[in-house]
Amino acid sequence: MHISIVDQIDLNEAYQQLQSDSAGGVNLFVGTVRDHAQGKQVTKLVFEAYVPMALKQMEKIALQAQQQWPLEGLVMQHAVGEKQIGEPVVVIGTSSAHRDASFAACRFLIDELKKTVPIWKKEYYQDNSVWVNAHP
Amino acid sequence: MEILLFGITREIVGQNQLTVPTQDRPETVGKLKEWLAQQYPALQKLSSLAVAVDSEYADDAQPLPSGAEVALIPPVSGG
Numbered sequence: 001m002h003i004s005i006v007d008q009i010d011l012n013e014a015y016q017q018l019q020s021d022s023a024g025g026v027n028l029f030v031g032t033v034r035d036h037a038q039g040k041q042v043t044k045l046v047f048e049a050y051v052p053m054a055l056k057q058m059e060k061i062a063l064q065a066q067q068q069w070p071l072e073g074l075v076m077q078h079a080v081g082e083k084q085i086g087e088p089v090v091v092i093g094t095s096s097a098h099r100d101a102s103f104a105a106c107r108f109l110i111d112e113l114k115k116t117v118p119i120w121k122k123e124y125y126q127d128n129s130v131w132v133n134a135h136p
Numbered sequence: 137m138e139i140l141l142f143g144i145t146r147e148i149v150g151q152n153q154l155t156v157p158t159q160d161r162p163e164t165v166g167k168l169k170e171w172l173a174q175q176y177p178a179l180q181k182l183s184s185l186a187v188a189v190d191s192e193y194a195d196d197a198q199p200l201p202s203g204a205e206v207a208l209i210p211p212v213s214g215g
């Protein structure tokens with residue numbers, strides 16, 4: 001498995017890490033910066049991570065996925081720092097002999113990452129900014 | 137005792153790290169949360185506030201040994 005917190009997402013690297021002669025399917029999920037949230041125009045996002053713990057949590061999730069599905073390759077990259085509209089901020093990749101396992105594991109990995117991995121996003125609008133999910 | 141701060145907790149406290157004075161030193165995660173709530177009422181308005189000890193989520197009963205790396209984990213929002 002290849003797990004990292006990076007300044008810039010590298011999709012080519014992720015794809016190379018997933019390639020395997022025994023894999024007949026490769027899934028790549030790319031999360032990007034959207035230009036709106038809750039009806040407001042978003043101007044940029046800033047990501048922050050507690051890096052050692054984030055890596056540890058990502059590894060736990062990856063191990064769970066490997067136990068649940070027969071995966072050939074697994075990639076989790078998350079970016080930190082300032083990101084502009086359209087930029088990739090997270091890439092989750094899986095490869096397996098048959099596509100079902102890759103699709104299911106990829107979905108599981110991004111859903112779990114969003115629940116437990118200590119990474120925070122601040123959304124900037126034209127007039128203010130908020131830490132996403134911080135308040136009810 | 138030093139507490140690492142991230143995201144909104146860093147903004148609420150106004151610094152990257154928080155020092156708990158020796159005389160107030162909490163013995164457990166739960167006691168630390170009580171101390172924090174008194175010192176920084178704004179923390180109670182968050183949707184949730186977890187504590188990590190040595191990079192693992194810790195429950196309220198968990199002790200805080202000296203030398204442990206302690207961090208506040210406000211609601212996460214990665215991805």
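Quick mapping for you: the protein sequence lines, in order, are chains A and B.
Under our numbering, the first sequence has 88 at position 88, and the numbering climbs by one with no breaks.
Under our numbering, the second sequence has 176 at position 40, and the numbering climbs by one with no breaks.
Ideal placement from N, C-alpha and C gives every residue a C-beta, glycine not left out.
Beta carbon proximity, residue i to chain A, threshold 9 angstroms
i        : result
B/TYR176 : no
B/ALA204 : no
B/GLU138 : no
B/LEU182 : yes
B/GLY166 : no
B/GLU192 : yes
B/PRO211 : yes
B/GLY150 : no
B/ALA207 : yes
B/ALA188 : yes
Chain B contact for residue i (CB, 9 angstroms cutoff)
i        : result
A/ASN133 : yes
A/THR43  : no
A/PRO88  : no
A/GLU48  : yes
A/MET1   : no
A/ALA54  : yes
A/GLY31  : yes
DSSP-derived helix/strand/coil call for residue i
i        : result
A/ASN27  : strand
A/MET76  : strand
A/PRO70  : coil
B/PRO162 : coil
A/LEU63  : helix
B/VAL187 : strand
A/VAL117 : coil
A/PRO88  : strand
B/GLY215 : coil
B/LEU182 : coil
B/LEU140 : strand
B/ALA194 : strand
B/PRO199 : strand
A/SER95  : strand
Residue environment, residue i, which counts as buried when at least 16 other CB atoms sit within 10 Å
i        : result
A/ARG34  : exposed
B/GLU163 : exposed
B/LYS181 : exposed
A/LEU113 : buried
A/VAL90  : buried
A/GLY86  : exposed
A/GLU48  : buried
B/SER184 : exposed
A/GLN77  : buried
Test: residue i CB closer than 9 angstroms to a CB of chain E
i       : result
A/TRP69 : Structure shown: chain E not included; protein chains present are A and B.
Distance cut-off 8 angstroms: residue i Cβ against heavy atoms of the ligand ATP
i        : result
B/THR158 : Inclusion of the ligand ATP in the displayed structure is not the case, the ligand content being empty and no account of it being possible.
The beta strand (DSSP E) enclosing residue i, as first and last residue numbers
i        : result
A/THR43  : 40–49
B/LEU154 : 153–155
B/VAL206 : 206–209
A/GLN84  : 81–84
A/HIS2   : 2–6
A/VAL130 : 129–131
Element boundaries [alpha helix (DSSP H), containing residue i]
i        : result
A/TYR15  : 11–18
B/VAL149 : 143–149
message = Under 8 angstroms, CB to CB, which of the residues in the segment 109–129 of chain A have a partner in chain B?
response = Listed in chain order, the positions of the segment 109–129 of chain A with a beta carbon within less than 8 angstroms of a beta carbon of chain B are ILE110, LEU113, LYS114, LYS115, THR116, VAL117, PRO118, ILE119, TRP120, LYS121, LYS122.
task = Using a Cβ-Cβ cut-off of less than 8 angstroms, list which residues of the segment 77–103 of chain A approach chain B; keep chain order.
result = The segment 77–103 of chain A vs chain B, Cβ under 8 angstroms: HIS78, VAL89, VAL90.
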